[in-house]
Amino acid sequence: MINVSNLLSEPHRNWEKKSGATVEDINRLIKEIKIELPEKILELLRFSNGGFGDLACPPRLLSLYSCDEIIAEFQDEWLKEEFSGFLFIGGNAGLESIALDYRKTQPYPVVMIDRIAGSKSAKVIAPDANAFIEAIGLRYVG
């Protein structure tokens, strides 16, 4: 099993870490989202509550949302209507967003979505949170 802190602290990874989420941040996220979040996503947020770096899968860059940003996106009425079943956890600082597809059962696939094109544009970029986290901080080779 991967250890997020050790993995993302490897010297060859390009990851601009933010301060980790507090216990209160994580508890508020769990309370507000009411979705069984993958433990590795929670571990990622405990390590880096937001952050930016390379991503070894499309869309090639990751701007990870903080717990507060994930909650705000989840509570946005338009996003609830247009993107039901997706939990946005970041983006690429451009047009693509990154989300957990919780329309499926766990393990939730991680998808890339063009919000302008809508939910039908969702493309799986990692089969689960573990594979997604393993791609953080590494250059895309494609």
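With our numbering, you'll find the sequence shown wraps up at 144, consecutive numbering, no jumps.
Glycine included, every Cβ here is placed at the ideal spot set by N, Cα and C.
Among F76, S123 and Y110, nearest to D130 - alpha-carbon criterion: In terms of Cα proximity to D130, the closest of F76, S123 and Y110 is Y110.
Option in V143, F88, N94 and L102 with minimal Cα separation from L66: Checking every option, the nearest Cα to that of L66 belongs to N94.
Alpha-carbon to alpha-carbon, N5 and E12: Looking at the two C-alpha atoms, the distance is approximately 11 Å.
A23 and L47 closer than 8 Å at C-beta: When the beta-carbon positions are compared, A23 and L47 come within less than 8 Å of each other.
Contact set for P60: own chain, Cβ-Cβ below 8 Å, skip 5 residues either direction: Excluding its 5 nearest sequence neighbours in each direction, P60 has C-beta neighbours in its own chain below 8 Å: E98, M114, K125, I127, Y142 and G144, listed in chain order.
Neighbourhood of E84 by C-beta, 7 Å cutoff - its chain only, sequence neighbours within 5 removed: Within its own chain, the residues whose Cβ lies closer than 7 Å to the Cβ of E84, once the five positions on either side in sequence are excluded, are G120 and S121, listed in chain order.
CA-to-CA distance, L10 to A58, given in whole angstroms: Rounded to whole angstroms, A58 to L10 spans 13 Å at the Cα level.
I115 in three-state terms, based on DSSP: The three-state reading of DSSP puts I115 in strand, counting E and B together.
Between the CA atoms of R62 and F76 - distance to the nearest angstrom: Cα to Cα, F76 sits roughly 24 Å from R62.
Own chain partners of I35 with C-beta closer than 6 Å, once the 5 adjacent residues on each side are dropped: Within the same chain, and ignoring the five residues on either side of I35 in sequence, the residues whose Cβ sits closer than 6 Å to its Cβ are F76.
First and last residue of the uninterrupted alpha helix (DSSP H) at L47: In the DSSP annotation of this structure, the continuous segment of the alpha helix (DSSP H) that includes L47 starts and ends at E41 to F49.
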